[in-house]
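In terms of our numbering, the sequence shown opens at residue 1 and continues consecutively.
Beta carbons: idealized from backbone N, C-alpha and C, even for Gly.
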Amino acid sequence: MQQRKILSAIKTMVGVFDTFGALPGTFDHSQCVAYESEILICGGANENSCYSFHTVKNEYKRICSYPDEIRLNKHCVVKIAENADGIRLLSFGGANKHTLYMDYVSIWSDDQDENATKKKNSYNVIGKSRNNLEKVRGVIGGSKNHLLFIAYSPDNIDVLELNTLQCLKQKTLPVEDVNTIVSPCLVLKRWDGLEVANEKKSEMLLFSGKTGLSITYDEDTNDFAFDNVRVCTTIRSIIRYAYVCVNDNILFFGGQNSGDKVSRAVYKYSMSANTWMHFEHVCSRVLYDSVAVVSADNVDIHMFGRSVDYNFDTTPTEDKDCNFDITEHIMTKVHEWMKQPTEYEKQWIKHEEEIQELEEIKQNFDEIQHDFPKKN
């Protein structure tokens, strides 16, 4: 009976995820940026081509390729500027070390100047080669949006001046297990969908495996401060998940653990409430080494990357061996993950709160034992 119930829940979720046709390239470890009615797909592992996916036309169109000498491998792309004419993207990191920018104007415009578009929509190499920044993640912050924060293996966080790419500060993350900082979730803090406003301080959250950190960078002191954030028990073994920010929530899709098992689970973390939820429903695809992005109108979540097709004739389990994989593009609606908790989810939250209470009791007990004078 329980197996049929779980299987029914999984089948129900098939209608929540739309799967698009074959991708024009192999986009695992890809990076994506939303721009108006487009999702820009900026290369992937050993895939140098970049494409625009039009969210209304449901079509792909090639933009350009990275320079021939660049070999992408777990890089990062961030949007650093946007105006009426287009956006500027910064691409950096990866195992093969590169730093480039691209001024992008829409390739879907009927009245575009082809020569002008080609001059814009191409990558330009800037800066010098840095250390291996494989599996790096970055966000733009600072009082004038002039700072680039990057987190990367094994336990590093840097802040760079965006215009010059000069490193202002390097710091070691206070983590127990450095092996878990792999393509971490790194986001700016938000309250009610707005980034936390502080004139000289940038506040961020980082999650990966059992590590959860609240990170503050002070421009006046040029230093970082860290506080631990509790990570729910069932996601502590998972890394390399796709994630997006929706209002003041972070949604986590899929991922992989250290034993090469991949997950179908979906989680939500509330920044304002500091609470977790494990959704009753799961992904219709097993996702790992994938990237997620929210459309510019905040309606859809698009995911690109590796997935394992789930066989409904087999017994459903939380994790699945990576016997085969494909790269694909799937989409789900934001509102599907903003609904009130189901009875199952309420019970999970209650159970997790009980575990948290026990963990806090144990921590207090350990601190008392540590402070208690030992007998000679």
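Looking at the structure shown, is residue i part of a helix, part of a strand, or coil, going by DSSP?
i: threonine 233; result: helix
i: glutamate 343; result: helix
i: histidine 380; result: For the chain, the structure presents residues 1 to 376; residue 380 sits outside this window and is missing.
i: leucine 358; result: helix
i: histidine 281; result: coil
i: histidine 302; result: strand
i: asparagine 364; result: helix
i: asparagine 145; result: coil
i: glutamate 36; result: coil
i: methionine 204; result: strand
i: lysine 128; result: Any reading at lysine 128 needs caution, since the residue's pLDDT is 48, under 50, leaving its predicted position unreliable; the model's value is listed next. Note: lysine 128 maps to coil in three-state DSSP.
i: glutamate 176; result: coil
i: lysine 74; result: coil
i: lysine 171; result: strand
i: valine 136; result: coil
i: valine 334; result: helix
i: valine 182; result: coil
i: glutamate 219; result: coil
i: glutamate 69; result: coil
i: lysine 210; result: coil
i: asparagine 323; result: With a pLDDT of 44 at asparagine 323, under the threshold of 50, the predicted position of this residue should be treated as unreliable, though the coordinate-derived value follows. Here asparagine 323 sits in coil by DSSP.
i: lysine 268; result: strand
i: histidine 54; result: strand
What are the boundary residues of the beta strand (DSSP E) that includes residue i?
i: leucine 89; result: 87-93
i: methionine 408; result: Absent from the model: residue 408. The displayed extent of the chain is 1 to 376, so no value can be given.
i: serine 109; result: Here serine 109 belongs to no beta strand (DSSP E), and DSSP marks it neither H nor E.
i: phenylalanine 252; result: 249-253
i: aspartate 227; result: 223-228
i: asparagine 83; result: Looking at the DSSP string, asparagine 83 is not in any beta strand (DSSP E), and its letter there is neither H nor E.
i: asparagine 156; result: 156-161
i: glutamate 59; result: 59-65
i: aspartate 18; result: 17-19
i: asparagine 46; result: It is not in any beta strand (DSSP E) - asparagine 46 carries neither H nor E in the DSSP assignment.
i: lysine 189; result: First-last for lysine 189: undefined, no H or E at that position.
i: alanine 242; result: 242-246
i: lysine 261; result: 261-263
i: aspartate 103; result: 99-104
Which residue's Cα is closest to the Cα of residue i: the options?
i: cysteine 283; options: Val77, Met331 and Ile150; result: Met331
i: leucine 100; options: Thr172, Trp337 and Asp68; result: Asp68
i: glycine 463; options: Thr55, Val293, Leu90 and Arg190; result: The question about residue 463 has no answer, for the chain in this structure spans 1 to 376.
i: valine 16; options: Lys333, Ile157 and Val231; result: Lys333
i: histidine 351; options: Thr275, Ala22, Ile140 and Lys339; result: Thr275
i: cysteine 76; options: Thr216, Asn247 and Leu133; result: Leu133
i: methionine 303; options: Tyr243, Ser202, His335 and Leu165; result: Tyr243
i: isoleucine 80; options: Gln347, Lys268, Asp103 and Thr342; result: Asp103
i: threonine 377; options: Glu82, His278, Glu203 and Ile361; result: Residue numbering for the chain in the displayed model covers 1 to 376; residue 377 lies beyond these limits and cannot be assessed.
i: isoleucine 140; options: Ala84, Ala292, Ile157 and Leu188; result: Leu188
i: valine 56; options: Asp300, Ser307, Lys200 and Ala225; result: Asp300
Rounded to the nearest angstrom, how far is the Cβ of residue i from that of residue j, given a contact under 8 Å?
i: leucine 287; j: glycine 254; result: 3 Å
i: leucine 160; j: leucine 173; result: So it is not a contact: roughly 16 Å between Cβ atoms.
i: tryptophan 337; j: methionine 271; result: Rounded, the Cβ-Cβ distance is 15 Å, inconsistent with contact.
i: phenylalanine 20; j: histidine 329; result: 4 Å
i: phenylalanine 27; j: isoleucine 39; result: Wrong, their Cβ atoms sit about 11 Å apart, outside the cutoff.
i: glutamate 280; j: glutamate 345; result: 5 Å
i: serine 30; j: serine 49; result: With a Cβ gap of about 11 Å, serine 30 and serine 49 do not count as contacting.
Just checking residue i against the ligand FAD - is the residue's beta carbon closer than 6 Å to any of the ligand's heavy atoms?
i: histidine 146; result: Judged by which ligands are present, the structure shown has none, so any question about the ligand FAD falls away.
**Message:** So, does the region 178-188 touch the region 202-214, judging by three or more C-beta pairs under 8 Å?
**Reply:** yes
**Asked** Is the region 70-86 in contact with the region 35-45, if contact means three or more CB pairs nearer than 8 Å?
**Response** yes
**Asked** Are at least three pairs of beta-carbons, each pair with one atom in the region 146-159 and one in the region 182-191, less than 8 Å apart?
**Response** yes
**Asked** Would you call the region 26-37 and the region 294-310 in contact, with 3 or more CB pairs under 8 Å?
**Response** yes
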